[in-house]
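According to the numbering used here, the residues represented by the sequence shown are 426 to 1128, in order. Backbone N, C-alpha and C define an ideal beta-carbon position, used for all residues, glycine too. Everything below concerns the one structure shown next.
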Amino acid sequence: MQFTSKIPRILIAGISLLGLSPLIAQNSERLRDQFVEGVLIGEMEHLQPGTPYRVGLLLDHDPGWHTYWKSTATGYATSIDWDLPEGFTVSDIAWPTPKVYDFQGWTEFVYEGEVLLMVTLTPPADFPPGEVKIGFTAEWLMCEAVCVPGSISSSLTLPVKDSPPAPSSEWSGIFGQTTRNLPAKPDNYTLQAWSSGAQVTLELKGELPESVYFFDDQAAFEASLETNFSKTGPDTLQVRLTLDKATNNMPARLTGVLKAKAGWPGADDRPSIAIDLPISAQAPAASTSSPEITLGILLLAFTGGLILNLMPCVFPVLGIKIMGFVGQAGSSKGKIATHGLIFTAGVLLSFWTLAAVLLILRSGGSQLGWGFQLQSPGFVLALTLLLFAFALNMSGLFEFGQSAVGVGSELTGKSGFTGSFFSGVLATVVATPCAAPFLAPALGAALTLPAASSFLVFTLIALGLSTPYMLLSVFPALLNYLPRPGAWMETFKQFMSFLLYATVGFLIWVLAGQLSEEAGFPVFSLLKVLLSLVVLAFALWIFGRWGAFHQKKKTRFMATGISAAILIGALALGISGTQAAESGSNALDWQKWEPGKAESLASDGKIVYVDFTARWCVTCQTNKAAVFSSSKVLQRFADLEVITLKADWTNQDPEISQALAKFGRSAVPFNLVYGPHLESPEILPELLTPGIVLEAVEAAAAP
426 MQFTSKIPRI LIAGISLLGL SPLIAQNSER LRDQFVEGVL IGEMEHLQPG TPYRVGLLLD
486 HDPGWHTYWK STATGYATSI DWDLPEGFTV SDIAWPTPKV YDFQGWTEFV YEGEVLLMVT
546 LTPPADFPPG EVKIGFTAEW LMCEAVCVPG SISSSLTLPV KDSPPAPSSE WSGIFGQTTR
606 NLPAKPDNYT LQAWSSGAQV TLELKGELPE SVYFFDDQAA FEASLETNFS KTGPDTLQVR
666 LTLDKATNNM PARLTGVLKA KAGWPGADDR PSIAIDLPIS AQAPAASTSS PEITLGILLL
726 AFTGGLILNL MPCVFPVLGI KIMGFVGQAG SSKGKIATHG LIFTAGVLLS FWTLAAVLLI
786 LRSGGSQLGW GFQLQSPGFV LALTLLLFAF ALNMSGLFEF GQSAVGVGSE LTGKSGFTGS
846 FFSGVLATVV ATPCAAPFLA PALGAALTLP AASSFLVFTL IALGLSTPYM LLSVFPALLN
906 YLPRPGAWME TFKQFMSFLL YATVGFLIWV LAGQLSEEAG FPVFSLLKVL LSLVVLAFAL
966 WIFGRWGAFH QKKKTRFMAT GISAAILIGA LALGISGTQA AESGSNALDW QKWEPGKAES
1026 LASDGKIVYV DFTARWCVTC QTNKAAVFSS SKVLQRFADL EVITLKADWT NQDPEISQAL
1086 AKFGRSAVPF NLVYGPHLES PEILPELLTP GIVLEAVEAA AAP
């Protein structure tokens, strides 16, 4: 035992005689602060005076947790405060390429899993051999569903020798991996950036990847899950960024990281390249697309517009217009050609208006695209009501004599030309939900071109859409291949109405997504829209029943007035539904009810409100409208941090049925309030008022 105890000292003495020093680990103590573990590591086995030496903070995140990149809108980046010997210098952190993270609409740039934040230490050239102690304090913000500050403090002791250092056998590998994940210099690319209003365009020329994402390190531009970019040529790519509303002034330089999904071919397949260049006040002349590119885009635009005629959202109008041409079979060639030209004018004017609005809004910083107006519940409502009225007209519920779409009428005189024009307008409006083959790349390029070129692209789309009608009008001999006018036209008209009903169904589906409870909107919003369709049909039925020309003048006058008043009511009802939805963003954050969840939360000191409800329960919906649209209720729930649970019994659920039976109930509505100081949950009456709910919640909050 005595002999073996002397072995370590003998070995150390032998090592000293050979001029060596004992091995020292190139890492600090591993420390954990809740959900993130950190350690400071060194790349080389020892430090040489006057020679740069890389160290790095290695962070290991628990699953689901993340920390932030150097630029963040809602959190703060990891920082390192150094305690260094005199004469040492330290660089800024070299930030690896981050990941995109989205949480409830907020887009952030984060690190997950294991990440190394490297810095370069440079000791003075006259620093004596021996050892050096590198002290540090690291701070970060770690987030999952909640965010928690974290920090560690420790030190790293490194040997100091005059000889060149060898790589650390334990840590040099991760330094190499992280270096490859740093943004590369874009030496093989030509870059330029310019501003237009609140938008900045970054253009790159060189060997391009398939897709890119821009990480803005100034937090000056709007962040989203996808970067708006397009290829304007085989070796040219443009990225469009929109100034964030919280940013007052346009930055003088564009700085950040441009990541490629599969690596940059012109940068050794590195995942990202560094962007740092001035932002010009205007687009350089070289950025304008070449004629060859524009010619290809125009061909795509025309072909896409032509194919639009066969898309589900346009085909009903196609059938209507063709039937109108059938009705003109005996008319003069000049009149038929005029109708075709006026229809084309309606399409062109509508596309130009759409293009003008789109380009104006985009120049102001809005991120918009084809069909942007359908993102507005108000516009979708208006289009739904309009097409529903047309469908009812085609089904025979009422007749205007000369309908706006020229159905079943001889297109003669002024009203006939008006019908042709609005047929073109309608064809454009209903085309916006569709994107035909070849149309998407043409539209994407149109939004990157100068205004004149963009209008040319939209013009070609419009001409493609109207070409079938122009052919029938300019070459009326083609009408001979269509069936002769007859009773079949009424049957065809009614058949086509079902295509319009299908389009209305699609638009209601769009509204259901826009006004859904999951999006924070009350269920009554969509219900009001659906009821407005019923009221609209009732108004048009009155008009069709008593407003027809064979009725007495007094009867027609009264029917028109009554139907107009009801029609206004239908519009008001539908609009109130979209307005209620738009103001519903402050609604409560309902969580899904599960057995035992309310009791568990109450035992943790929380106030819990449980709503047993169902879509088909009218009283449930009445309670929602009466109570949870009250600003007093919403504010008090927020003040007391009330957790709201929804037990949705719209579909059969045995667990909800058992929970109701536990309280001797077999129907909804049924509402409970749990509190940390309540021996048992308080059962609320079936019909609720804000006062009843507030009184129960206050009682649950009382000590």
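{"query": "Residue range of the beta strand (DSSP E) that includes A591", "result": "Looking at the DSSP string, A591 is not in any beta strand (DSSP E), and its letter there is neither H nor E."}
{"query": "Contact between the region 510-526 and the region 535-543 (3+ Cβ pairs under 8 Å)", "result": "yes"}
{"query": "T657 versus L482, N674, Y638, T626, residue with shortest Cα-Cα distance", "result": "T626"}
{"query": "Neighbourhood of W565 by C-beta, 6 Å cutoff - its chain only, sequence neighbours within 5 removed", "result": "T492, T503, G575"}
{"query": "Euclidean distance between Cα positions of F552 and D587", "result": "9 Å"}
{"query": "Assigned secondary structure, V571 (DSSP; H/G/I helix, E/B strand, else coil)", "result": "coil"}
{"query": "Reference E635, options W619, E651, G688, closest by Cα", "result": "G688"}
{"query": "DSSP three-state assignment for Y1132, whether helix, strand or coil", "result": "Outside the displayed span of the chain (426 to 1128) sits residue 1132, for which this structure offers no information."}
{"query": "Residue closest to A563, alpha-carbon to alpha-carbon, out of P589, V1118, D508", "result": "D508"}
{"query": "Continuous alpha helix (DSSP H) stretch holding K1031: start and end", "result": "Here K1031 belongs to no alpha helix (DSSP H), and DSSP marks it neither H nor E."}
{"query": "Counterpart residues of G397 in DSSP-defined beta bridges", "result": "Residue 397 lies beyond the range of the chain shown here (426 to 1128); nothing can be said about it."}
{"query": "For V515, the nearest candidate out of G938, F1062, G481, W531 (CA to CA)", "result": "G481"}
{"query": "Option nearest W619 by Cα separation, candidates S593, N613, S1001, L668", "result": "L668"}
{"query": "Residues bridged to T514 [DSSP beta-bridge criterion]", "result": "T547"}
{"query": "Of the residues L724, P1106, S1054, the one placed nearest A1126, counting alpha carbons only", "result": "P1106"}
{"query": "Length of the line joining the Cα atoms of A1006 and A937", "result": "In this predicted model, A1006 has a pLDDT of only 46, less than 50, meaning its place in the structure is not dependable; the value taken from the coordinates is given anyway. Each residue's alpha carbon lies about 11 Å from the other."}
{"query": "For V461: DSSP bridge partner residues", "result": "D458, H486"}
{"query": "Cβ separation of I886 and G771, assumed to be a contact under 8 Å, to the nearest whole Å", "result": "I886 to G771, Cβ: 14 Å. No contact."}
{"query": "Local Cβ density within 10 Å of T500, reported as buried at 16 or more and exposed below that", "result": "Sequence check: residue 500 is Gly here, not Thr. Buried is the call here."}
{"query": "Beta-carbon contacts of A591 that lie in its chain and below 6 Å, excluding the five residues immediately before and after", "result": "E470"}
{"query": "Identity of the residue in K760, Q976, I1081, L1065 nearest K1017 by Cα", "result": "I1081"}
{"query": "Closest Cα partner of D693 within the set K610, K630, I767, T652", "result": "K610"}
{"query": "C-beta atoms of I767 and S845 nearer than 8 Å", "result": "yes"}
{"query": "Boundaries (first-last residue) of the beta strand (DSSP E) holding Q617", "result": "615-621"}
{"query": "Whole-angstrom C-beta distance between D1036 and K1071, which should lie under 8 Å", "result": "5 Å"}
{"query": "CA-to-CA distance, E628 to S579, given in whole angstroms", "result": "45 Å"}
{"query": "Continuous alpha helix (DSSP H) stretch holding Q701: start and end", "result": "Looking at the sequence shown, residue 701 is not Gln but Asp. D701 -> not in any alpha helix (DSSP H); beta strand (DSSP E) instead, spanning 695-705."}
{"query": "Between the CA atoms of I991 and R981 - distance to the nearest angstrom", "result": "15 Å"}
{"query": "Under the three-state DSSP convention, the category D527 falls into", "result": "strand"}
{"query": "Distance between beta carbons of Y536 and E484, contact taken as under 8 Å", "result": "Correcting the residue identity first, residue 484 is Leu in this sequence and not Glu. With a Cβ gap of about 7 Å, L484 and Y536 count as contacting."}
{"query": "Paired residues, beta bridge with H471 - DSSP", "result": "BP columns for H471 are empty, so no partner."}
{"query": "Backbone secondary structure at Q919 - three-state DSSP", "result": "helix"}
{"query": "For T769 and G849, believed in contact at Cβ under 8 Å, the rounded distance", "result": "7 Å"}
{"query": "Sequence-distant residues of its chain with Cβ nearer than 7 Å to T892 (five each side left out)", "result": "L731"}
{"query": "CB-CB length for A645 against P690, believed under 8 Å", "result": "Actually they do not touch by this definition, with Cβ atoms about 29 Å apart."}
{"query": "As assigned by DSSP and simplified to three states, the class of W507", "result": "strand"}
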